[in-house]
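Colleague:
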Amino acid sequence: MQRQVLVDNKVRTDKTYPAGFMDVVSIPKTNENFRLLYDTKGRFRLHSIRDEEAKFKLCKVRSVQFGQKGIPYLNTYDGRTIRYPDPLIKANDTIKLDLEANKIVDFIKFDVGNVVMVTGGRNRGRVGVIKNREKHKGSFETIHVQDALGHEFATRMGNVFTIGKGTKPWVSLPKGKGIKLSIIEEARKRLAAQASATA
Numbered sequence: 001m002q003r004q005v006l007v008d009n010k011v012r013t014d015k016t017y018p019a020g021f022m023d024v025v026s027i028p029k030t031n032e033n034f035r036l037l038y039d040t041k042g043r044f045r046l047h048s049i050r051d052e053e054a055k056f057k058l059c060k061v062r063s064v065q066f067g068q069k070g071i072p073y074l075n076t077y078d079g080r081t082i083r084y085p086d087p088l089i090k091a092n093d094t095i096k097l098d099l100e101a102n103k104i105v106d107f108i109k110f111d112v113g114n115v116v117m118v119t120g121g122r123n124r125g126r127v128g129v130i131k132n133r134e135k136h137k138g139s140f141e142t143i144h145v146q147d148a149l150g151h152e153f154a155t156r157m158g159n160v161f162t163i164g165k166g167t168k169p170w171v172s173l174p175k176g177k178g179i180k181l182s183i184i185e186e187a188r189k190r191l192a193a194q195a196s197a198t199a
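Here UniProt numbering is used: the first residue of the sequence shown is 1, the next is one more, and so on.
(1) Looking only at its own chain, which residues have a Cβ that is under 6 Å from the Cβ of ARG35, when we skip the five neighbours before and after it?
(2) Would you mind working out which of LEU173, GLY158 and LYS41 sits nearest ASP93, comparing C-alpha positions?
(3) Rounded to a whole number of angstroms, what is the C-alpha to C-alpha distance between LYS177 and TRP170?
(4) Does the separation of the CB atoms of ALA91 and VAL61 fall below 8 Å?
(5) Residue ranges of each beta strand (DSSP E) run of no fewer than 3 residues wholly in the segment 45-91, ordered along the chain?
(6) Run the CB neighbour count on ASN33, radius 10 Å, all protein chains shown included, and call it buried at 16 or more, exposed below.
(7) Work out the CA separation of PHE161 and LEU99 for me, nearest whole Å.
(8) Is ILE183 helix, strand or coil by DSSP?
(9) How many Å lie between GLY79 and ILE179 at the Cα?
(10) Give the secondary structure of residue 204 by DSSP, where H, G and I count as helix, E and B as strand, and everything else as coil.
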């Protein structure tokens, strides 16, 4: 047992330990840090990050409640419970969590105009800015998102994870920056790469 792998700044020795979206995997011996993100095909990608970025992770807020003696606390998507959060933080917002101190450093409101990553459904892995929200009584709330190329798509509110204020994400993104290419665009890109390789 060499205790070389850290997940979210904690040593994990169980080789079947589950790591999920936004988790930071560090190997101090090789001086490598990775963040688990989705690519535009909806698959998990280990995205290499710098030491500075490995000190924090973004967590989506599931709910904000009051415990015994009226102590406020929030629950995050990855099972954390954090007491005494900022009273402005509400469900679906995203918090920036310092992994060493286990404290909230900053937070992002779930608002129109902020950049998001889709974490579920057919558009998983795509990144874009929230254009508008549609509330349907007795049904799911729909979010309309526009990516950097101007393509618009819609998804359910539960599938969306805010990753930055305005158009600037707080975490670095994998190759492609969350822009999904059509089949034709992908084919053109592949052909261009082959042509440059043979030239």
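Backbone N, C-alpha and C define an ideal beta-carbon position, used for all residues, glycine too.
Since the structure is predicted, the reported quantities are computational estimates derived from the model, not experimental observations.
Modeller: According to the structure data:
(1) Residue 35 sits at position 35 when you count from the first residue of the sequence shown. Around ARG35: VAL24, HIS47 and ILE49.
(2) What you label residue 93 is simply residue 93 of the sequence shown in a count that begins at 1. Looking at the Cα atoms, GLY158 is the closest of the given residues.
(3) Taking the first residue of the sequence shown as 1, we reach residue 177 at position 177. Taking the first residue of the sequence shown as 1, we reach residue 170 at position 170. Rounded to the nearest angstrom, the two C-alpha atoms are 13 Å apart.
(4) By one-based count along the sequence shown, residue 91 stands at place 91. By one-based count along the sequence shown, residue 61 stands at place 61. It is a contact, given that the beta carbons lie within the stated cut-off.
(5) 56-66, 72-76 and 81-83
(6) Numbered from its first residue, the sequence shown carries residue 33 at position 33. Counting Cβ neighbours within 10 Å, ASN33 comes out buried, since at least 16 surround it.
(7) Within the sequence shown, numbered from 1, the residue matching residue 99 stands at position 99. Within the sequence shown, numbered from 1, the residue matching residue 161 stands at position 161. When rounded, the distance between both Cα atoms is 19 Å.
(8) Taking the first residue of the sequence shown as 1, we reach residue 183 at position 183. Of the three classes helix, strand and coil, the one that applies to ILE183 here is helix, per DSSP.
(9) On the sequence shown, residue 79 is found 79 positions in, with the first residue counted as 1. On the sequence shown, residue 179 is found 179 positions in, with the first residue counted as 1. Those two C-alpha atoms are separated by around 29 Å.
(10) Only positions 1 to 199 of the chain appear in this structure, which leaves residue 204 out of reach.
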